[in-house]
Structure formats: structure tokens, C-alpha cells
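The opening residue of the sequence shown carries number 18 in the numbering used here; numbering runs sequentially from there. We put the CB at the ideal spot given by N, CA and C, even for glycine. What you are looking at is a predicted structure, and each value in this text was computed from that prediction instead of being measured. Input: a single structure, listed below in C-alpha cells.
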Amino acid sequence: MLKWDRKYELGNDRIDAEHRIFLSLIVDFHDAAEQNAPKDKLLRIFKEICKYAEFHFLSEENIMIDHSYPEQEHHANSHRKLLAEANNKLYQLQSDSIGADDAFNFLFNWFAFHTSSEDKKLVGYIENGAKANLNT
18 MLKWDRKYEL
28 GNDRIDAEHR
38 IFLSLIVDFH
48 DAAEQNAPKD
58 KLLRIFKEIC
68 KYAEFHFLSE
78 ENIMIDHSYP
88 EQEHHANSHR
98 KLLAEANNKL
108 YQLQSDSIGA
118 DDAFNFLFNW
128 FAFHTSSEDK
138 KLVGYIENGA
148 KANLNT
């Protein structure tokens, strides 16, 4: 059973809270697929994940602006790419080009890879900046 684990925490309360919600939506999708939910239900959950990701990415980008994050443009570009991929997967799921398992694998890999790479760098930068400010 997929669930939130401390290993997913990055150390920023806001980002971690949003990631918990994001992962819970992915779990909802997985559970619905496992229970053979109607395709319409799966599509609605997938759309909800896309909408939440759009909100979460905007939230992160605001955090980047607040902290003058030097990798902001690169990180925001990865957000745009991920949203485009998600919308493509949604279309594929809708048109039966992929099944729920493939859609779930995409969602989980997206969550795991993006948070462990890009988001970890962002939180590290924020923490180092905060430490630098304490030392001045």
C-alpha cells in the first residue's frame, strides 16, 4: 500500500503539506483503479491530480520568487513539461491508448522523481539561505 512516508519529506512545511495531498490523490487514483472504478471516475481523479499539480506548481514558483531562487526558470520549465506530459497521459487514458496501471506508474514516477530532484534542490537552497541569514 502506497502511503506518505517521512522519506518523502523535504523539510519545508508548506511544500511537504502540498506533497502529502498530491500523493494522497495518486493513492486515490490507484485505489479506484484497483477497485475497477468506472473509467469516468478514473478520468475525474486524474483531472483532479492535474489541477492540483497546477496549483502546487504555482505555489512552489511563488516560493521560488520569495527566495530569489537562481534555478527558478529551469524549475518552472520542468513544471510546464510535467503538466504537458500529464495532460498527454490524461488524453491517452481517455482514448484507451494506455491503461490505469500505466497512468498510475506515470503519476508515481513523476511524484518520486520531481520531488527527489528538483524540489529537494529548492528546499536545500531555502535552508542554506536561511542559515546564511542567521550567520550575518
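Boundaries of the alpha helix (DSSP H) around Asn-79: 56-83. Residue burial is scored here from C-beta neighbours: Tyr-86 has at least 16 other C-beta atoms within 10 angstroms and is therefore classed as buried.
Taking Ala-50 as reference, the option from Gly-116, Ile-143, Arg-23, Phe-130 with the minimal CA-CA separation is Gly-116. Using a Cβ distance threshold of 9 Å, Ile-32 and Phe-121 do not count as a contacting pair. The residues Val-140, Glu-144, in chain order, have a CB closer than 8 Å to that of Gly-28 in the same chain once the five nearest residues on each side in sequence are set aside. The residue from Ser-41, His-96, Lys-56, Trp-21 with its alpha-carbon nearest to that of Tyr-108 is Lys-56. Under a 10 Å Cβ-count criterion, Ala-129 is classified as exposed, with fewer than 16 other Cβ atoms of the shown protein chains found around its own Cβ.
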